[in-house]
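These notes are about the structure you will find just below.
In my numbering, the protein residues as written are 1 to 306.
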């Protein structure tokens with residue numbers, strides 16, 4: 001594994017025990033320059049994971065608790081007149097940060113959820129007809145609870161598509177849970193967590209990831225996977241060309257994490273579920289990567305030739 005990123009993942013392992021595979025994918029997502037959605041039950045470590053990622057990358061961090069009464073202006077900012085001159089001055093909202101933790105994003109109403117779309121896609125926001133650029137890098141790490149919990153508003157497909165990856169943590173195994181119960185408080189560990197990387201190092205790694213070689217044969221393999229998703233009878237719709245670009249982007253970052261300057265089919269396979277599941281809808285299910293979707297993806301990996 002890449003030395004810098006290997007040290008970072010090892011450090012994060014000490015905070016979120018028993019979730020090595022998910023941590024590797026989360027780091028891969030940020031190295032690829034994408035936004036991350038963490039979906040699971042309350043209390044399994046979603047917020048801790050987001051905070052640990054921000055601290056480990058040495059980036060500015062802001063947490064916003066999404067609630068039913070959160071307004072777009074609470075997130076983006078507002079223009080207000082100055083007392084002395086009467087001229088309007090823009091007061092930036094919490095979105096103006098390097099890492100925005102949108103905690104329980106699906107507890108906010110759709111209008112506030114959609115306020116993030118421009119920020120996530122264009123790295124800018126528009127308020128009162130004026131455009132304001134966001135810091136670089138800019139990541140949204142969002143957490144959401146399962147759709148069947150009370151007080152949630154399912155994210156629309158257009159916003160789900162803006163997240164490069166979606167991860168689920170699940171319950172810890174017995175050994176990890178015991179270490180958690182008898183170990184140090186996670187909040188205290190986070191306070192002392194040193195930054196393994198900084199902004200310049202992350203931007204350098206992102207540039208290296210973009211330059212990882214993807215051979216025409218690998219592009220053929222990705223296209224076969226996309227075609228298989230569109231032909232699957234159990235899916236309401238297949239993966240879009242934008243999903244294909246996201247898959248290749250994540251695979252390049254995964255190859256870099258493994259210390260290679262070329263992308264292999266194994267890289268595509270390792271990131272496929274995290275990149276594709278939340279973009280697909282199984283017949284008879286809601287969006288969000290249910291059990292049928294995961295089964296369809298596993299079947300695709302077995303059926304599509306390398």
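Just so you know, even glycine gets a beta-carbon here, dropped at the ideal spot from N, CA and C. Everything numeric in this text was worked out from a predicted model, so none of it was measured.
Cβ pair residue i, residue j closer than 8 Å
i           : j           : result
residue 156 : residue 112 : no
residue 293 : residue 274 : no
residue 265 : residue 218 : yes
residue 168 : residue 40  : yes
residue 123 : residue 138 : yes
residue 44  : residue 24  : no
residue 242 : residue 214 : no
residue 271 : residue 221 : no
residue 140 : residue 35  : yes
residue 30  : residue 5   : no
residue 164 : residue 227 : no
residue 26  : residue 101 : no
residue 303 : residue 239 : no
residue 209 : residue 32  : yes
residue 258 : residue 1   : yes
residue 3   : residue 13  : no
residue 195 : residue 296 : no
residue 119 : residue 127 : no
residue 166 : residue 301 : no
Residues that DSSP places opposite residue i in a beta bridge
i           : result
residue 205 : Answer by DSSP bridge pairing: none, since residue 205 is not bridged.
residue 192 : In DSSP, residue 192 forms no bridge with anything.
residue 80  : 89
residue 245 : Per DSSP, none; premise fails for residue 245.
residue 213 : 262
residue 64  : 102
residue 165 : 36
residue 235 : 282
Own chain, CB closer than 8 Å to residue i, minus 5 neighbours either side, in chain order
i           : result
residue 245 : none
residue 48  : 15, 16, 186, 190
residue 121 : 162
residue 110 : 153, 156
residue 89  : 79, 80, 81, 82
residue 117 : 158, 159, 162
Sequence-distant residues of its chain with Cβ nearer than 6 Å to residue i (five each side left out)
i           : result
residue 75  : 93, 95, 115
residue 105 : 66, 142, 144
residue 135 : 98
residue 236 : 281, 283
residue 198 : 58
residue 179 : 17
residue 176 : 17, 18
residue 133 : 124
residue 61  : 54, 99
residue 263 : 212, 214, 218, 251, 252, 255
Residue environment, residue i, which counts as buried when at least 16 other CB atoms sit within 10 Å
i           : result
residue 85  : exposed
residue 97  : buried
residue 212 : buried
residue 223 : exposed
residue 200 : exposed
residue 255 : buried
residue 108 : buried
residue 247 : buried
residue 182 : exposed
residue 158 : exposed
residue 70  : buried
residue 306 : exposed
Neighbour flag for residue i against chain D, beta carbons, 8 Å
i           : result
residue 135 : Considering every chain present, this structure includes no chain D. It has just one protein chain.
Cβ shell of residue i (< 7 Å), same chain only, five flanking positions each side left out
i           : result
residue 91  : 77, 78, 80
residue 103 : 47, 63, 64, 65, 66, 143
residue 173 : 18
residue 42  : 145
residue 202 : 57, 137
residue 28  : 250, 253, 254, 257, 271
residue 234 : 282, 283, 292, 296
Open item on the list: At 3 residues or longer, what runs of the beta strand (DSSP E) sit wholly inside the stretch 98 to 145?
Closed with: Complete beta strand (DSSP E) runs here, min 3: 99 to 103, 124 to 127, 130 to 133, 139 to 144.
- [ ] Give, in chain order, every unbroken run of the beta strand (DSSP E) that is at least 3 residues long and sits entirely within the stretch 9 to 61.
- [x] Here the runs fully enclosed are 35 to 39.
TODO: Jot down the residue ranges of each uninterrupted alpha helix (DSSP H) in the stretch 273 to 304, minimum 4 residues, whole runs only, in chain order.
DONE: Segments of the alpha helix (DSSP H) lying fully in the stretch 273 to 304: 291 to 303.
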